[in-house]
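Participant:
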Amino acid sequence: MSWRERLRALRMDVTPWRASRDFRLLLTAGTVFYFGAMVSYVAIPYQIYTLTGSNFAVGAIGLVELVPLVVFGLYGGALADHVDRRRLLVGLGVAQAVLTAVLAVNAFRDDPSVWLIFVISAFLVSTSAMQRPSREALMPRTVAHDQLTAANALFSFGMQIGVLAGPMLGGLLVAYVGIGWCFVVDVTGLLVATVLYRLMRHYPHRAETTPPSLAAIGEGMRYAFGRRDLLGTYLVDIAAMLLALPVVLFPALAEAVFDKPELLGLLYSAETIGAVVATVLSGWTTRVHHHGRAIVVAAVAYGGFVALAGVMPSFWLVVVMLALSGGADMISGIFRGTVWSQTIPEAMRGRLAGIEMLSYSLGPLGGQVRAGVTADLWSVRGAITSGGLACVGGVVGTALWLRDFWSYDDRTDDHAVAERATRAAAGEAPSQ
């Protein structure tokens with residue numbers, strides 16, 4: 003094979019985009035949604051700080067959002083397994099647009115209300131947590147079964163574009179035109195995404211559904227934790243986020259360690275840039291079948307690169323290590339998403355998406371605490387390196403304990419084979 007052919011083989015597989023109209027709608031809607039949300043992500047903490055001058059008040063936003071995230075993430079997953087998922091996406095999209103519009107009106111007032119920001123933020127995270135399981139549960143229905151790896155890569159690419167571009171625009175809007183316009187952009191994005199959801203065709207549930215309840219949520223949890231391959235994907239994600247996530251230490255790393263506070267933004271964007279590059283070069287992932295091993299290797303690489311970032315002698319080498327860690331984490335995420343999409347039955351997909359959302363939402367919150375405490379007791383570099391090494395140990399331990407996870411092969415796994423047969427029997431085919 004020539005070098006040109008090898009490079010061509012690395013290009014991101016866009017077959018799902020070409021093959022399915024509804025996938026294009028869902029992907030575009032999700033990208034626009036993330037872009038607008040990340041603009042507000044910049045605006046809300048900045049507005050609270052300018053109004054209160056308190057770092058604690060800024061951090062309290064996370065405390066206010068924690069309980070709604072857990073409660074409504076789980077409930078939204080159960081709801082997605084019972085009601086029309088497209089209709090749920092549309093209704094919750096409208097609700098988020100209205101709530102964000104309230105933030106915009108409040109920001110344009112001469113004396114914005116701080117308590118209103120906290121209240122609306124809690125409602126916003128509630129509606130967002132309820133909506134996301136439906137979006138993730140619908141994605142596998144819009145593409146062919148053998149396109150799921152490529153579809154997950156494309157979905158991740160859209161999210162990362164929003165995560166990368168949204169804060170940049172948010173920072174410019176805050177600096178030059180005012181906080182209120184950040185929320186206007188977010189409202190516009192939410193309305194565009196909602197219209198795109200509305201244009202999708204109807205995807206009825208294949209079988210009798212279970213009404214949302216504590217019993218239904220418990221059923222989903224028992225299913226998730228009863229499957230060792232799924233449990234492995236959750237534990238690897240938690241190990242990476244809880245033990246190795248270094249984001250909270252970036253300000254201290256830039257200022258106290260390297261005396262380069264003006265380059266702080268590079269630390270925040272390095273992992274995202276690495277993730278985007280890895281996704282663009284993800285064509286090879288569609289030819290991998292041992293997804294458990296791919297997840298483990300990528301997650302070990304993530305922890306290793308984070309550990310190296312903690313000992314690099316120059317700022318720019320730290321940025322390179324963080325970019326490599328972001329790329330490795332993205333590859334792990336693509337394969338985790340593929341395992342979920344390939345093996346989870348239609349009747350459970352919403353509830354499992356809610357549980358999955360908690361696994362990668364709660365980990366970073368705990369990881370911030372771990373990193374901060376370790377840095378205060380030891381050092382910033384020590385906290386970063388020890389976290390990366392702990393991640394490597396946690397991932398390797400998970401692979402040794404859960405052999406079913408390590409040996410997962412999408413060609414022979416019982417759950418993947420059953421889901422492939424179910425979809426074939428249902429005659430599902432993506433719409434052009």
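So in this note's numbering, the last one in the sequence shown is 434, and the numbering has no gaps at all.
Think of the CB as a built atom: it goes at the ideal place given N, C-alpha and C, for glycine as much as any other residue.
So, do the region 86 to 94 and the region 126 to 134 have three or more beta carbon pairs nearer to each other than 8 angstroms?
Facilitator: Yes: the two stretches touch, three or more of their Cβ pairs being nearer than 8 angstroms.
Participant: Would you tell me roughly how many angstroms separate the C-alpha atoms of Q98 and G335, rounded to the nearest one?
Facilitator: Approximately 27 angstroms between the Cα atoms of the pair.
Participant: Should G172 and V41 be called a contact, given that it needs their Cβ atoms to be closer than 8 angstroms?
Facilitator: Yes; because the gap between Cβ atoms is below 8 angstroms, this pair is in contact.
Participant: Please list the terminal residues of the continuous alpha helix (DSSP H) segment that includes Y43.
Facilitator: Taken as a continuous stretch (DSSP letters only), the alpha helix (DSSP H) holding Y43 covers R23 to T54.
Participant: So, helix, strand or coil for S381, using DSSP?
Facilitator: In the structure shown, S381 sits in coil (DSSP, three-state: anything other than H, G, I, E or B).
Participant: Nearest to S158 by alpha carbon, out of M314, G168 and I333?
Facilitator: When only C-alpha atoms are compared, the closest one is I333.
Participant: Just curious, the alpha helix (DSSP H) that I333 is in, first and last residue?
Facilitator: F317 to T345 is the span of the alpha helix (DSSP H), which, as asked, contains I333.
Participant: Please confirm whether D188 and G38 have their CB atoms less than 8 angstroms apart.
Facilitator: In this structure, G38 lies closer than 8 angstroms to D188 by Cβ.
Participant: According to DSSP, is E210 part of a helix, a strand, or is it coil?
Facilitator: Reduced to three states, the DSSP call for E210 is coil.
Participant: Would you mind working out which of G228, A106 and V259 sits nearest L404, comparing C-alpha positions?
Facilitator: The residue with the shortest Cα to Cα distance from L404 is G228.
Participant: Please classify H204 as buried or exposed, where buried requires at least 16 neighbouring CB atoms within 10 angstroms.
Facilitator: When all chains shown are included, H204 counts as exposed.
Participant: Taking the C-alpha atoms as reference points, what is the distance between T129 and A377?
Facilitator: Computed Cα separation, rounded: 35 angstroms.
Participant: Inspect the beta-carbon positions of L247 and G369 and report whether they are closer than 8 angstroms.
Facilitator: Taking 8 angstroms as the Cβ cut-off, L247 and G369 qualify as a contacting pair.
Participant: Identify which residue in L251, I275, M141 and L402 has its Cα closest to the Cα of A167.
Facilitator: Closest option to A167, Cα to Cα, is I275.
Participant: Taking all protein chains shown into account, decide if V298 is buried (16 or more other Cβ within 10 angstroms of its Cβ) or exposed.
Facilitator: Its Cβ being crowded by 16 or more others within 10 Å, V298 is buried.
Participant: Please state the DSSP three-state secondary structure of G312.
Facilitator: In the structure shown, G312 sits in coil (DSSP, three-state: anything other than H, G, I, E or B).
Participant: Looking only at its chain, what residues have a beta carbon closer than 6 angstroms to the beta carbon of P70, apart from the 5 residues adjacent to it on each side?
Facilitator: Answer for P70: A124, V127 and S128, listed in chain order.
Participant: Would A177 be called buried (16 or more neighbouring beta carbons within 10 Å of its own) or exposed?
Facilitator: It counts as exposed.
Participant: Is DSSP giving S433 helix, strand or coil here?
Facilitator: With a pLDDT of 49 at S433, under the threshold of 50, the predicted position of this residue should be treated as unreliable, and no value is reported.
Participant: With DSSP run on the structure shown, which of helix, strand or coil describes D231?
Facilitator: Three-state DSSP puts D231 in a helix.
Participant: Per DSSP, what kind of secondary structure is P142 in: helix, strand or coil?
Facilitator: Three-state DSSP puts P142 in a helix.
Participant: Since I believe A80 is in contact with A218 (beta carbons under 8 angstroms), could you give me their beta-carbon distance rounded to a whole number of angstroms?
Facilitator: Between A80 and A218 the Cβ distance is about 5 angstroms, and since that is below 8 angstroms, they are a contact.
Participant: V34 and V194 - do their beta-carbons sit closer together than 8 angstroms?
Facilitator: Their beta carbons are under 8 angstroms apart, which means V194 touches V34 by this criterion.
Participant: DSSP three-state label for V179, please.
Facilitator: Coil.
Participant: Sort F185, G384 and M359 by Cα distance to V72 and report the nearest one.
Facilitator: Among F185, G384 and M359, the Cα nearest to that of V72 is on M359.
Participant: Go ahead and label S433 buried or exposed: buried means 16 or more other beta carbons lie within 10 angstroms of its beta carbon, across all protein chains shown.
Facilitator: Note on S433: pLDDT 49, under 50, position unreliable in the model; no value is reported.
Participant: Apart from the five residues on each side of it in sequence, which residues of its chain come closer than 7 angstroms, Cβ to Cβ, to H436?
Facilitator: Outside the modelled stretch of the chain, which goes from 3 to 434, sits residue 436, for which no answer is possible.
Participant: Tell me which residues share the same chain as A418 and place their Cβ nearer than 7 angstroms to its Cβ, disregarding the 5 neighbours each side in the sequence.
Facilitator: The answer, listed in chain order, is Q344, T345 and D412.
Participant: Could you say if the region 260 to 276 and the region 385 to 404 meet the contact criterion of at least three C-beta pairs nearer than 8 angstroms?
Facilitator: Output reads no: the region 385 to 404 does not touch the region 260 to 276.
Participant: Indicate whether D83 and M350 have their beta-carbon atoms separated by less than 8 angstroms.
Facilitator: Going by C-beta atoms, D83 is nearer than 8 angstroms to M350.
Participant: On the criterion of 16 or more Cβ atoms from any shown chain inside 10 Å, does A155 qualify as buried, or is it exposed?
Facilitator: Label assigned to A155: buried.
Participant: How many Å lie between Q239 and S363 at the Cα?
Facilitator: In the sequence as presented, Gln is not what sits at residue 239; that position holds Asp. Computed Cα separation, rounded: 10 angstroms.
Participant: Spatial neighbours of V397 within its chain, please: C-beta separation below 8 angstroms, excluding the five flanking residues on both sides.
Facilitator: So the qualifying residues of the chain are V238, A241, A242, V298, A301, V302 and G305.
Participant: Using a Cβ-Cβ cut-off of 6 angstroms (strictly less than) and excluding sequence neighbours within five positions of G312, which residues of its own chain qualify?
Facilitator: Counting only Cβ-Cβ distances below 6 angstroms, and skipping sequence neighbours, we find R383, I386 and T387.
Participant: From E348 to E138, what distance separates their C-alpha atoms?
Facilitator: Looking at the two C-alpha atoms, the distance is approximately 12 angstroms.
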